[in-house]
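S.K.: Please find one structure pasted underneath; my questions will follow.
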Amino acid sequence: MREAAAALVAVAIAAGDHAAAQILSRTSPPAAAALQAADWTDHPIRPGVTSIKAVHFDELRARVAGLRAREGLAPVRWTDPVLTPRATMITRAHLAELRAALRGVYEAREQLQPAYTDRTLTAGRTPIRAAHVMELREAVEILERSAPSLEPYYTMLPIDVIDPSYRPQGHSSASADLDGDGNEDIVVLGATWPDPERGVTAASYRPQPGRVFLGDGDGGFRRAPAELFPVDTLNTVHPRKAPFGDLNGDGRPDMFIAGHGWDTEPFPGEQNRLYLSQPGGGWRDATGELPQLSDFSHSAAIGDIRGLGTPDILVGNIWGANRILPYVLLNEGAETFSLDRSNLPVGPGETLNFLSRGLAITGTVLTDLDGDGLPELIALGEGHEGHPGIEAVSSVFWNRTGASASSTRRRCHRRRCSPTDTSISTPPRSMRTETAGSTWSSSGPS
Ligand SMILES: [Ca+2]
Ligand SMILES: [Ca+2]
Ligand SMILES: [Ca+2]
Ligand SMILES: [Ca+2]
467 MREAAAALVA VAIAAGDHAA AQILSRTSPP AAAALQAADW TDHPIRPGVT SIKAVHFDEL
527 RARVAGLRAR EGLAPVRWTD PVLTPRATMI TRAHLAELRA ALRGVYEARE QLQPAYTDRT
587 LTAGRTPIRA AHVMELREAV EILERSAPSL EPYYTMLPID VIDPSYRPQG HSSASADLDG
647 DGNEDIVVLG ATWPDPERGV TAASYRPQPG RVFLGDGDGG FRRAPAELFP VDTLNTVHPR
707 KAPFGDLNGD GRPDMFIAGH GWDTEPFPGE QNRLYLSQPG GGWRDATGEL PQLSDFSHSA
767 AIGDIRGLGT PDILVGNIWG ANRILPYVLL NEGAETFSLD RSNLPVGPGE TLNFLSRGLA
827 ITGTVLTDLD GDGLPELIAL GEGHEGHPGI EAVSSVFWNR TGASASSTRR RCHRRRCSPT
887 DTSISTPPRS MRTETAGSTW SSSGPS
């Protein structure tokens, strides 16, 4: 061992900032699993006071090895795998390989790499400092404290191919418990887009098929029987959002599909789709009961905008050849819906009016942010590379339906609002009750 150590490039010791380079003693390294952040021998190591011991490096090696194993990284072949007290000289190689081994873990975790004193360790020139060991300890502790590998929580199971015949050009998916057995089910929607290399062009594209799979709650899925869901009609060009909600009040989820269609000029749009639960079980294709529009629907949300107990559908359109502004499908009951814009910020210059605002609102969310039972509207802006005029600005519109609506109505009449109060709208004409009508008040940038 002495001979081997002598062949190593020994480093000089800097007076006042060093520990003895010669290893003075050795104890058995603790098991990595049993170690906690503070379980270091001689902590902290004080420059000029604490001597470097074999155990300091054994501990680092053990804990680094444990971190690497949890990330599935290869074991490190340490220089001098057995560090012999009073024999093995600490060299730059011992330090450098610990840094390199840790670098691999940081890379695997996609975490910011630690900064080290003497980033480059030069043989024969860089003295070993107490700081070098302390920094390695800190780098280990950061990894041990941060989000652990997912391995302890997840187990890799063999993957079953549910339906090998299902090969749309692309797809998106949504999930809900369709059949009410308590297990999540999956709706897969087919998608297509320009892909000339594969021969998919404006002249050749076709709507892509969708599928419905029922979950068994144990990770397994089977195709929904034909009598349950009419998948033969579940064909889509470019679906963007498929929210679920009980639109017909039977306690079972219904599905709206917002699609924007062929995704290049002239952006011809796509008919949105609707599937309603029906008495006796199963769903029917109710698309024919929607407005027949080829709109560029990039988002959709379901929420009881008016607080009437009947959820409405917000359709978030952007641009498209037919220039169809966003709208709400008011739930009129009895599985009928009416197109309405009087309760949306779509007036000239308002946020959802893509014709007059340089905003691309590609996401819309309805959720109750202030706990009054009425959903707010979150309009999510998206910037676009190559379109510097399009601002990525998002806004929250507070739902002022009901008591507070009367006060805002006085100041804000039929989409014509003062610049400081972008509340809008009178109640939709279809609404007759006192609490009817929805008014949105913007708190986002205008
Ligand atoms: Ca289910
Ligand atoms: Ca339903
Ligand atoms: Ca559409
Ligand atoms: Ca609310």
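Heads up, the sequence shown is in our numbering, so the first residue is 467 and it goes up one at a time.
Note that beta-carbon positions come from the ideal geometry of N, C-alpha and C, so glycine has one too.
1. Candidates 610, 509, 575: which alpha carbon is nearest residue 596's?
2. Would you say residue 676 and residue 654 are within 8 Å of each other, going by their C-beta atoms?
3. Would you say residue 513 touches ligand 4, meaning its beta carbon is less than 7 Å from a heavy atom?
4. How many Å lie between residue 534 and residue 581 at the Cα?
5. Taking the straight line between their C-alpha atoms, what separation do you get for residue 842 and residue 836?
6. What does the Cβ neighbour count give for residue 621, buried or exposed, with the cut at 16 atoms within 10 Å?
7. Rounded to a whole number of angstroms, what is the C-alpha to C-alpha distance between residue 798 and residue 663?
8. Looking at the structure shown, is residue 637 part of a helix, part of a strand, or coil, going by DSSP?
9. Would the beta-carbon of residue 846 fall within 8 Å of that of residue 828?
10. Take the Cβ of residue 688 as the centre, count every other Cβ of all protein chains shown within 10 Å, and call the residue buried at 16 or more, exposed below.
11. In the DSSP output, which residue or residues are listed as bridge partners for residue 674?
12. For residue 605, collect the residues of the same chain with a Cβ closer than 6 Å to its Cβ; drop the 5 residues on either side in sequence, then sort them by chain order.
13. Taking its Cβ as the centre, do 16 or more other Cβ atoms sit within 10 Å of residue 601, making it buried, or is it exposed?
14. Do you know how far the Cα of residue 588 is from the Cα of residue 656?
15. Would you call the CB atoms of residue 773 and residue 699 closer than 8 Å?
16. Output the boundary residues of the beta strand (DSSP E) element that contains residue 779.
17. Could you give the DSSP three-state label for residue 509: helix, strand or coil?
18. Between which two residues does the alpha helix (DSSP H) holding residue 582 run?
19. Per DSSP, what kind of secondary structure is residue 733 in: helix, strand or coil?
20. With residue 779 and residue 803 assumed to form a contact (beta carbons below 8 Å), what rounded beta-carbon distance in angstroms separates them?
21. Flag residue 694 as yes when its Cβ comes closer than 7 Å to any non-hydrogen atom of ligand 1, and as no otherwise.
22. Give the straight-line distance between the Cα atoms of residue 690 and residue 642, rounded to the nearest whole angstrom.
M.R.: Based on what the coordinates show:
1. 509
2. yes
3. no
4. 19 Å
5. 8 Å
6. exposed
7. 47 Å
8. strand
9. yes
10. exposed
11. 702
12. 568, 580
13. buried
14. 58 Å
15. no
16. 778-783
17. coil
18. Neither: residue 582 is in no alpha helix (DSSP H) and is coded neither H nor E.
19. coil
20. 7 Å
21. no
22. 13 Å
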